[in-house]
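K.L.:
Have a look at this one.
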Amino acid sequence: MRAGPGRLSRERPLSYMEVDMERVLSSELSSHAGERIMMAGWMHRIRRLGSGMVFVHLRDRGGICQIVVEAPEAIASIDGLLVESVIQIEGTVVAEPQAVGGYEVHDPVFTILSPVVEALPFPINKPVINAHLDTFLDHAMVGLRAPSKQAIFKLSAGVQHGFRSTLDAKGFTEIATPKLTGSATESGATVFPVEYFGKKAYLAQSPQQYKQMMVGVFERVYEVAPVFRAEPHQTVRHLNEYVSMDAEMGFINDHTTVMTVLTDVIHGILEYLSEHHAKELELLHVEMPLAPATFPHIYFPDAQQWIFEHHGEDCRGEPDLAPQHEKWLGEWAKETYQSDFVFVTGYPMVKRPFYTAPNPDDPKYSNSFDLLFRGTELVTGGQRLNKFDDYARALESHGMTQEAVAGYLEAFRFGMPPHGGFAIGLERFIMQLTGLTNLREAALFPRDMERLQP
RNA sequence: GGGGUCGUGGUGUAGCUGGUCUAACACGCUGGCCUGUCACGCCGGAGACCACGGGUUCAAAUCCCGUCGAUCCCGCCA
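According to our numbering, the residues represented by the first sequence are 11 to 464, in order.
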């Protein structure tokens with residue numbers, strides 16, 4: 011077979027199907043032993059051993075394989091090329107015990123699709139990338155090609171897939187809500203204003219109101235989408251744009267129904283990763299989280315009491331937990347319940363947004379929860395108000411007008427079941443799962459106070 | 001918004017109790033050698049006026065001030 015894009019493209023229009031059928035990936039060599047095949051990818055590593063022998067490591071979406079170059083004309087054809095040059099080759103698959111993976115490609119004929127003659131900003135073919143995060147992010151478009159960086163985002167894709175498939179199986183409908191909104195309502199989080207045809211608009215800081223409205227349509231909905239937070243934070247666990255995996259469902263008893271669904275979702279995600287991303291989990295040395303059938307949970311004031319008794323810090327009466335408190339609770343859950351996840355329930359109403367349902371037996375506290383993952387807040391969720399009159403009262407006590415959220419309120423005037431939901435921070439999940447020290451490493455092109463490029 | 005730390009070739013670091021710094025090491029790049037390398041190895045080379053501006057001093061990468069940039073913590077949140 012004499013394959014090659016030149017021949018195909020000259021004789022008739024190229025179809026992707028044809029290319030895919032002919033192109034062999036580096037992960038597929040074992041099933042082509044002895045065959046003459048076509049491959050394409052990046053020159054991940056080039057090892058020139060004297061004048062008579064060159065080893066080229068070809069990287070494609072299947073992985074990395076080795077090409078052995080011995081013919082003088084073949085060696086000459088890649089002379090001067092640096093790593094990351096894009097090549098297509100035709101070569102023979104050979105079983106070779108010396109090769110990593112047991113197979114390699116011999117007698118290659120090269121087609122240079124895109125030569126690189128300039129050194130990379132930093133080497134990306136090393137086991138560890140030696141670049142500061144800031145330097146790395148400046149060159150993320152190239153740095154992300156490093157296998158260890160690819161793996162992070164393969165896992166990220168897997169987390170999203172696990173989220174979707176678990177909820178699909180539970181009868182949820184995936185929705186897409188607007189990211190441009192006309193009003194800056196919602197909780198205390200600040201919003202980014204944008205110019206919108208002479209009007210004032212805002213980037214959505216959450217799909218909260220829309221997903222609630224859609225409970226009135228589909229009962230159960232979810233969305234995976236970016237949210238925007240204009241808060242001026244500079245920490246390793248905050249971004250100004252991140253991916254929120256939101257879910258909302260009707261006909262619940264209370265927030266504990268939501269916690270049960272969330273627990274299933276976490277299990278579903280972890281199972282999906284184990285089944286489909288073993289390679290990435292291994293490459294990143296991921297220690298799979300301890301996730302018992304039910305996650306331990308602690309009532310907010312009880313958590314504060316426990317912190318006082320066990321760590322001597324008196325935060326009782328405070329409306330929220332500090333990061334250090336969450337770390338302690340995470341350690342407690344792991345030691346006592348062998349769980350990397352722990353629910354904190356019943357956050358004070360004063361700290362929760364207006365749509366939060368109170369605990370009927372203890373109205374100072376809410377029917378809401380946070381889920382901590384290895385000591386860091388991963389999920390916020392809870393039961394929402396569902397009666398129009400409750401909203402009217404809640405808005406008033408929050409100093410908000412009904413006009414500001416008129417469209418949202420209409421859903422509640424016309425029958426909304428008891429409902430609740432949650433939102434998982436995708437990058438947070440990846441950071442805690444893989445042990446990254448900075449959330450920015452879990453975003454392809456992170457947006458923080460200082461970074462808008464690339 | 002408040003506070004801390006840092007800024008040295010393309011990259012990551014050492015030097016920083018001032019003077020043998022004419023700035024060292026590793027990766028990368030580059031010339032040479034090696035026909036089984038896979039974080040290859042060996043010999044050589046290029047590449048940094050030490051973020052920028054000012055000051056102290058006989059002398060500043062090194063000490064002081066300012067500017068800019070980066071980074072971390074707190075607040076806030078996922």
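Note that CB positions come from ideal geometry on N, CA and C, so glycine has one too.
#1: Out of M359, E387 and F383, point me to the one whose CA is closest to K374's CA.
#2: Can you have a look at Q219 and say buried or exposed, based on whether 16 or more other CB atoms are within 10 angstroms of its CB?
#3: On the three-state DSSP scale, how would you describe R362?
#4: Nearest-angstrom Cα distance between I5 and E345?
#5: Using beta-carbon positions only, say whether A301 and L280 come within less than 8 Å of one another.
#6: I need the straight-line Cα distance from V34 to A50, nearest angstrom please.
#7: Work out the CA separation of E32 and A86 for me, nearest whole Å.
#8: Take D458 and list the residues in its own chain whose beta-carbon comes closer than 8 Å to its own, dropping the five residues that flank it on each side.
#9: Reducing DSSP to helix, strand and coil, say where T355 ends up.
#10: Taking 8 Å as the cut-off, decide whether the C-beta atoms of N135 and H54 are in contact.
#11: Would you list the residues sitting across from R253 in a DSSP beta bridge?
#12: Three Cβ pairs or more, each shorter than 8 Å: is that satisfied between the segment 251-258 and the segment 228-238?
#13: By alpha-carbon positions, which one of V127, Q108 and G101 ends up nearest to V119?
#14: Nearest CA to the CA of G391: which residue from L147, Y365 and I185?
#15: From the DSSP output, in three-state form, read off T446 for me.
#16: Taking A303 as the reference, which of G327, E292 and D274 has the closest Cα?
#17: Would you give the residue range spanned by the alpha helix (DSSP H) that Q222 belongs to?
#18: Taking 8 Å as the threshold, find out whether the segment 285-292 comes into contact with the segment 151-170 through three or more Cβ pairs.
#19: Hey, could you find the ends of the beta strand (DSSP E) H116 is sitting in?
#20: Comparing alpha-carbon positions, which option in W338, F207 and Q442 lies nearest G1?
#21: Quick test of the definition: if touching needs 3 or more C-beta pairs under 8 Å, does the segment 212-230 touch the segment 415-431?
#22: Could you say which of A313, R58 and I308 lies nearest to P82 if we only look at CA atoms?
#23: According to the neighbour-count rule (16 or more other Cβ atoms, all chains shown, within 10 Å of its Cβ), is H335 buried or exposed?
#24: Mind reading off the beta-carbon distance from L190 to V201? Whole number of angstroms is fine, and I expect it under 8 Å.
#25: How would you label H408, buried or exposed, when you count the other beta carbons within 10 angstroms and need 16 or more for buried?
#26: Are the Cβ atoms of L294 and V389 separated by less than 8 Å?
#27: Counting C-beta neighbours from all protein chains within 10 Å, is the total for S349 16 or more, i.e. buried, or is it exposed?
#28: Measuring alpha carbon to alpha carbon, tell me which of C325, T355 and G385 ends up nearest A343.
#29: In three-state terms, what does DSSP make of A404?
#30: Helix, strand or coil for L454 per DSSP?
P.N.:
Looking at the atomic coordinates:
#1: M359
#2: buried
#3: coil
#4: Any question about residue 5 goes unanswered here, given that the chain covers just 11 to 464.
#5: yes
#6: 8 Å
#7: 26 Å
#8: Q244, H248, L249, N250 and R450
#9: strand
#10: yes
#11: It is Val, not Arg, that sits at residue 253 in the sequence shown. Answer by DSSP bridge pairing, in chain order: P236.
#12: yes
#13: G101
#14: Y365
#15: A small correction: the amino acid at residue 446 is Leu; Thr does not occupy that position in the sequence shown. The answer is coil: DSSP assigns L446 none of H, G, I, E or B.
#16: D274
#17: Q218 to F228
#18: yes
#19: Y113 to S124
#20: The structure shown has nothing for residue 1, since the chain only spans 11 to 464.
#21: yes
#22: R58
#23: buried
#24: Wrong, their Cβ atoms sit about 11 Å apart, outside the cutoff.
#25: exposed
#26: no
#27: buried
#28: G385
#29: helix
#30: coil
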